[in-house]
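**Student:** In our numbering, the protein residues as written are 24 to 535.
Think of the CB as a built atom: it goes at the ideal place given N, C-alpha and C, for glycine as much as any other residue.
Model, not experiment: these values are computed from the prediction.
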């Protein structure tokens, strides 16, 4: 039968039962030893520092009858450099010392943490959790339970739609406040009671812990909401809202980020794409087109970088929907530049409409041809016909230049053709290169679904456009393998291969 764990209070009692004078003497000796070790490890350790922090965990006797003091110690040393590149060093030690009566013997120190905190990370660095982790690991090794953390209850603001804590008041109109979520885009005008009942929530956290969780689950709802069907690691999963009859196929191995709220879901597609799908009910005496434009522009303005020009564009209409428009804009997320597509689709009859907001934010690492392909897939694989689902297979198999993935992938043939084209395009001018880029992007950025078959007429159309743009000689180099394309997915991968050849024109092929 396993030995019962020693409680934290019981372990501490083995220390506090010593006389106060003995504890003070032992602690002073431990501080001096840690101070000496810091001077040995850190050349920038100050000459007259504040004493390192020492916490005695307890005094235990081993089977041989030897008593040992077990302790941890920590020091956070900030270095102000003349160059302006300040930083800090954080040390955490685990130590033991033999105790003979009340006399301390040899002290053994082990460095558990030795980390450097750069100046730009200093404000966000919290040393306490690091020390607590080392303490709890040490206690576990001693067969003791860690102390229960001291908790506090606070009121935080969180989005009632998705549960994100990135939510705040963004506009004040007399006694009415506009509350907005920075994650799912949910926004509404509220009075004080609505904010208190719907946006504010009580949250328990460790006392003194400054950070908040990214999500706090929204209140349970009796209304049917979004369901993400299919299992990981499926390439495509179906997102369905039975309550309004909406469904969309999500490619790229979608994974939920945060709770799946009743009326919103946050997904990550691959490494570079984040998606938010949110539904909202509108009652409006405005015309359908007026409501669509007003809500789309307002939602985009709350997320786009300040000063961004917003162009609202008619979107392909999903089966069963009433109206749809989209807008694309630059967005700054976590100090990273992104591009975001926002699509707003309405279904219903005046004055009652259900709306689906689809936000697709992608990092610049996703090339424009893969993005055009994903955008076309999302538009093509959605429906608002109750009881019907769009096709689950989004990426076609067996491409000459592509693989069935969100990034388009690459094939040996595509790479070889790109290198061969680059080698003979050395004489291409910058102006011709720019025209080719524009033609390729325009041809790839249609709403044709990735699985749309490629035809002989498509080959002739693209060939003719390139001949008109840059002349027959250059065009023939680019299109010599175009007839091998099998689908729009494959064509967009072919465009990327051609773009690589143009960007690397004159480059010699590698030896195989």
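Only counting the same chain, and skipping five residues up and downstream in sequence, which positions put a Cβ closer than 6 Å to that of residue 403?
**Tutor:** 472
**Student:** Of the choices 206, 34 and 433, whose alpha-carbon is the least far from that of residue 384?
**Tutor:** 206
**Student:** Quick one: does the C-beta of residue 409 sit closer than 8 Å to a heavy atom of the ligand FMN?
**Tutor:** Here there are no bound small molecules, and the ligand FMN is not part of this structure.
**Student:** Taking C-alpha atoms, which residue in 528, 257 and 90 lies nearest to residue 416?
**Tutor:** 257
**Student:** Shortest alpha-carbon distance to residue 134 belongs to which of 128, 147 and 113?
**Tutor:** 113
**Student:** Kindly confirm or deny that the segment 371–378 and the segment 300–307 touch, where touching means at least three C-beta pairs closer than 8 Å.
**Tutor:** When Cβ pairs closer than 8 Å are counted between the two stretches, the segment 371–378 is seen to touch the segment 300–307, the count reaching three or more.
**Student:** Less than 8 Å between the CB atoms is what I'm expecting for residue 429 and residue 290, so what's the real figure, rounded?
**Tutor:** Incorrect: roughly 12 Å between the Cβ atoms, too far for contact.
**Student:** Name the one or two DSSP bridge partners that residue 405 has.
**Tutor:** Per DSSP, 271.
**Student:** Taking the alpha carbon of residue 413 as the reference point, which residue from 400, 424, 235 and 512 has its own alpha carbon closest?
**Tutor:** The shortest Cα separation from residue 413 among 400, 424, 235 and 512 belongs to 400.
**Student:** State yes or no: is the C-beta of residue 511 within less than 9 Å of the C-beta of residue 469?
**Tutor:** yes
**Student:** With DSSP run on the structure shown, which of helix, strand or coil describes residue 329?
**Tutor:** coil
**Student:** Within its chain, find whatever has a CB closer than 7 Å to the CB of residue 139; leave out the 5 residues flanking it on each side and keep chain order.
**Tutor:** 110 and 112
**Student:** Relative to the C-alpha of residue 359, which candidate in 424, 303 and 328 has its C-alpha closest?
**Tutor:** 328
**Student:** If you drop the 5 nearest sequence neighbours on each side, which residues of the same chain put their C-beta closer than 6 Å to that of residue 132?
**Tutor:** 60, 116 and 118
**Student:** Quick check: the Cα distance between residue 204 and residue 75, rounded to an integer number of angstroms?
**Tutor:** 43 Å
**Student:** With a CB to CB cut of under 7 Å and the five nearest residues on each side skipped, what residues in its chain are close to residue 320?
**Tutor:** 333 and 335
**Student:** Grab me the residues of residue 407's own chain with a C-beta within less than 7 Å of its C-beta, minus the 5 sequence neighbours each way, in chain order.
**Tutor:** 268, 269, 341, 342, 343, 344 and 370
**Student:** Using the rule of at least 16 other Cβ atoms within 10 Å of the residue's Cβ for burial, across every protein chain shown, is residue 195 buried or exposed?
**Tutor:** Residue 195 comes out exposed.
**Student:** Select from 353, 85 and 251 the residue whose C-alpha is nearest the C-alpha of residue 165.
**Tutor:** 85
**Student:** Can we say the segment 429–445 touches the segment 522–534, given the rule of at least three CB pairs closer than 8 Å?
**Tutor:** With the rule of 3 Cβ pairs closer than 8 Å, the segment 429–445 counts as touching the segment 522–534.
**Student:** Within the same chain, show all residues whose beta-carbon is closer than 7 Å to that of residue 519, passing over the 5 residues directly before and after it, in chain order.
**Tutor:** Excluding positions up to five away in sequence, the list reads 390, 392 and 431.
**Student:** Around the Cβ of residue 25, are there at least 16 other Cβ atoms within 10 angstroms (buried) or fewer (exposed)?
**Tutor:** Reliability of the predicted coordinates at residue 25 is poor, the pLDDT of 43 falling under 50, and the value obtained from them is presented with this limitation in mind. The residue in question, residue 25, is exposed, as its Cβ has fewer than 16 Cβ neighbours within 10 Å.
**Student:** Name the residue from 29, 209 and 356 whose alpha carbon lies nearest to the alpha carbon of residue 181.
**Tutor:** 209
**Student:** Give me whichever residues DSSP pairs with residue 380 in a beta bridge.
**Tutor:** Among the bridge pairs identified by DSSP, residue 380 is matched with 301 and 367.
**Student:** Suppose the cutoff is 6 Å on Cβ atoms and the five residues either side in sequence are ignored; what does the same chain contact list for residue 96 look like?
**Tutor:** Same-chain partners within the cutoff: 57, 75, 77 and 116.
**Student:** For the beta strand (DSSP E) containing residue 35, name the first residue and the last one.
**Tutor:** Run containing residue 35: none in the beta strand (DSSP E); it sits in the alpha helix (DSSP H), 31–39.
**Student:** Between which two residues does the beta strand (DSSP E) containing residue 242 stretch?
**Tutor:** Careful: residue 242 lies outside any beta strand (DSSP E) and carries neither H nor E.
**Student:** Just to confirm my understanding: we take residue 151, look at its own chain, exclude 5 residues before and 5 after, and list those with CB closer than 6 Å. What are they?
**Tutor:** none
**Student:** Taking only three categories from DSSP, how would you classify residue 118?
**Tutor:** In the structure shown, residue 118 sits in a strand (DSSP, three-state: E or B).
**Student:** Reducing DSSP to helix, strand and coil, say where residue 425 ends up.
**Tutor:** coil
**Student:** When DSSP builds the beta bridges, which residues end up paired with residue 348?
**Tutor:** Assignment of beta-bridge partners to residue 348 by DSSP yields 337 and 367.
**Student:** Helix, strand or coil: how does DSSP classify residue 391 here?
**Tutor:** helix
**Student:** Hey, would you say residue 338 sits closer than 9 Å to residue 368, going by beta carbons?
**Tutor:** yes
**Student:** Quick one: is residue 303 buried, meaning 16 or more other Cβ sit within 10 Å of its Cβ, or exposed?
**Tutor:** buried
**Student:** Assuming residue 326 and residue 354 form a contact by the criterion Cβ under 8 Å, report the distance between their Cβ atoms to the nearest whole angstrom.
**Tutor:** 6 Å
**Student:** Compare the C-alpha of residue 176 against each of 233, 51 and 214 and name the closest.
**Tutor:** 233
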